[in-house]
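Please read the structure below before turning to the comments.
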Amino acid sequence: MARACALTMAVLSATLLLRALRKEPLTVYGDGKQTRSFQYVSDLVEGLMRLMEGDHIGPFNLGNPGEFTMLELAKVVQDTIDPNARIEFRENTQDDPHKRKPDITKAKEQLGWEPKIALRDGLPLMVTDFRKRIFGDQDSAATATQGQ
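To convert, count from 1 in the sequence shown and add 216; that's the numbering used here.
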């Protein structure tokens, strides 16, 4: 379940980014007040490395406890890529949970781990990577390499 949730969140944020990059409306389902937590991949990798390198037993939640509403996510994408992007509301699905916020207490206490990259910091990095991979934008690729 955790992997499916993480994958869903990655696909969801990637979908909004792609729509903005392609000058398409940003789709928000329902009223956009449902919350989700987003995590930058390097934070997850760091948590997994700490987990694998130790003698830890049992499940660990390596998510990001920072919550954003789906409307907030759309607005961050809008601010990051195209302030003129239109946000389009659609009917929500019945099975969409209203809130998702991981409890990372065990990871903090036993692994000394917590995510470091905030959504507003990670999103521009994703945009640069997407532009490079999808549109062949070499200027973005050079900028991303210099920032690391």
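Ideal Cβ placement from N, Cα and C applies to all residues, glycine included.
Taking the beta strand (DSSP E) that residue i belongs to, which residues open and close that run?
i: residue 309; result: Residue 309 -> no beta strand (DSSP E), and no H or E assigned at all.
i: residue 327; result: Run containing residue 327: none; DSSP gives neither H nor E here.
i: residue 252; result: 251 to 253
Going by the beta-carbon positions, is the gap between residue i and residue j smaller than 7 Å?
i: residue 333; j: residue 256; result: yes
i: residue 276; j: residue 230; result: no
i: residue 346; j: residue 233; result: yes
i: residue 261; j: residue 296; result: no
i: residue 329; j: residue 263; result: yes
i: residue 331; j: residue 271; result: no
In the structure shown, what three-state DSSP assignment does residue i receive?
i: residue 316; result: coil
i: residue 349; result: helix
i: residue 235; result: helix
i: residue 336; result: helix
i: residue 219; result: Confidence at residue 219 is low in this model, with a pLDDT of 42, below 50, so its placement is unreliable and no value can be given for it.
i: residue 241; result: coil
i: residue 356; result: With a pLDDT of only 49 at residue 356, under the threshold of 50, the placement of this residue in the model should not be trusted, and no figure is reported.
For residue i, report the span of its alpha helix (DSSP H) as first-last.
i: residue 267; result: 257 to 269
i: residue 278; result: Where residue 278 is concerned, there is no enclosing alpha helix (DSSP H), given that its DSSP letter is neither H nor E.
i: residue 294; result: 286 to 297
Our contact map puts residue i next to residue j with C-beta atoms below 8 Å; I'd like the distance itself, whole angstroms only.
i: residue 318; j: residue 281; result: 6 Å
i: residue 267; j: residue 327; result: 6 Å
i: residue 287; j: residue 244; result: 6 Å
i: residue 236; j: residue 337; result: Contact doesn't hold; Cβ gap of about 17 Å is too wide.
So does residue i have its beta carbon nearer than 6 Å to some heavy atom of the ligand GTP?
i: residue 311; result: Ligands displayed in this structure: none; no statement on the ligand GTP is therefore possible.
Taking 8 Å as the threshold, find out whether the segment 236 to 250 comes into contact with the segment 300 to 319 through three or more Cβ pairs.
yes
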